[in-house]
Amino acid sequence: MPKGKVEVVGGIMIYCDPENYPTNIKCQRKGFGAAVGIHPKKAPFFPHTKFEELRNLLRLKTVVALREIGLDRCAPASTWKLQEQILVKVLQLSMPICPVILHMRDTADQHCGEVGARCLQIMKANIAPTQRIHLHCFTGTVEQVVSWLETFPKCYFEVTGLVREFDCFQKAALRRIPRGHLLIETVAPYFRPLQASASTPAFIGKVALEVSRVRGEKVEEVLEFTMANTRILYQM
Ligand SMILES: [Zn+2]
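Counted the way my numbering counts, the sequence shown spans residues 1238 to 1473.
Structure below.
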């Protein structure tokens, strides 16, 4: 861990369950904002009325991003087509300046190669290359880093505590991500550190430490440049 304590100076609250969309979202503290979206696993619970609710939530001043949306192949295969249809529909609400945070998961492939390629194809067909994109919980390979950056130069790659379990391909990808395109996240309450009963944003220093070991950088540097990247991406 860094010698000094790591202070959490900002964060994003996520509302991606259409069955529990809030009516209003207030953020009292500077540096904190909210994101709204539809988690792909919730695709079967997204009628047209919810699409309108999502559109209205995105107009709130406190909402700084469309999150999360994407494809999740851990959900039953019977929902995959619907997930894609909803992703395309929700992308209509995106704006280049407002980051889109993508969730891409596949139980059968830890690198998410096939689902990632499908996501990239859908994004390419439906949004401008100037779109700001945040690839959440990225676990891909060098080839994926290269193709996302070629297609979307404003693409950011975020890694979580899962970095502890990265294989050599994922570590190579993490080293390949340019400094100006790397983000870190705890995904609290998920991905708890081994000794903790739950994950909280306070564990961000541990994620930075793991990242610094793989990239051969100082942990303080990782914290500094990922924080600067987050501020640029979210304009907070
Ligand atoms: Zn996710």
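From the three backbone atoms N, C-alpha and C, an ideal C-beta is built for every residue, glycine too.
- Mind listing, in chain order, the residues whose beta carbon lies closer than 6 Å to a non-hydrogen atom of ligand 1? Ordered along the chain, the selected set is GLU1305, HIS1340, HIS1373 and CYS1374.
- Item | Integer-rounded CB distance, given that MET1473 should sit under 8 Å from GLY1270 | 6 Å
- Message: Using DSSP's beta-bridge definition, name the partner residues of GLY1307.
- Response: HIS1340
- Message: Quick check for students: name the residue ranges of the alpha helix (DSSP H) that lie wholly in the stretch 1427–1469, counting only runs of 4 or more.
- Response: 1441–1452
- Can you give me the start and stop residues for the alpha helix (DSSP H) that MET1360 sits inside? MET1360 -> alpha helix (DSSP H) spans 1350–1363.
- Query: Could you give the distance in angstroms between the alpha-carbon of VAL1246 and the alpha-carbon of LEU1330?
  - Reply: 29 Å
- Item | Three-way DSSP call (helix, strand, coil) for TYR1393 in this model | strand
- Output the distance between the C-alpha atoms of VAL1396 and ALA1445, rounded to the nearest integer angstrom. 9 Å
- Query: What separation, rounded to the nearest whole angstrom, lies between the Cα atoms of PHE1394 and GLY1307?
  - Reply: C-alpha separation (whole angstroms): 15 Å.
- Where do the N-terminal and C-terminal ends of the alpha helix (DSSP H) with ALA1345 fall, by residue? Unbroken run through ALA1345: none, as it is neither H nor E.
- Return the residue from the list ALA1425, VAL1451, ARG1342 and ALA1439 that minimises the CA-CA distance to CYS1405. VAL1451
- Task: Would you mind stating whether PRO1277 and GLN1320 have Cβ atoms separated by less than 7 Å?
- Result: In this structure, GLN1320 lies closer than 7 Å to PRO1277 by Cβ.
- Got a sec? Which residues, its chain only, sit under 7 Å from ARG1292 by beta carbon, not counting five neighbours each side? LEU1330
- Message: One question on the structure: do LEU1419 and LEU1372 come within less than 7 Å of each other, judged by their Cβ atoms?
- Response: Going by C-beta atoms, LEU1419 is not nearer than 7 Å to LEU1372.
- Grouping DSSP H, G and I as helix and E and B as strand, with all else coil, what is CYS1264? In this structure, DSSP gives CYS1264 a state outside helix and strand, which the three-state scheme calls coil.
- Using the Cα positions of ALA1280 and TYR1252, report the straight-line distance between them to the nearest angstrom. 14 Å
- Query: Are there 16 or more other CB atoms within 10 angstroms of the CB of MET1560, so buried, or fewer, so exposed?
  - Reply: Limits of the chain in this structure are 1238 at one end and 1473 at the other, which puts residue 1560 out of reach.
- List the DSSP bridge partners of MET1250. Under the DSSP definition of a beta bridge, MET1250 partners with ALA1271.
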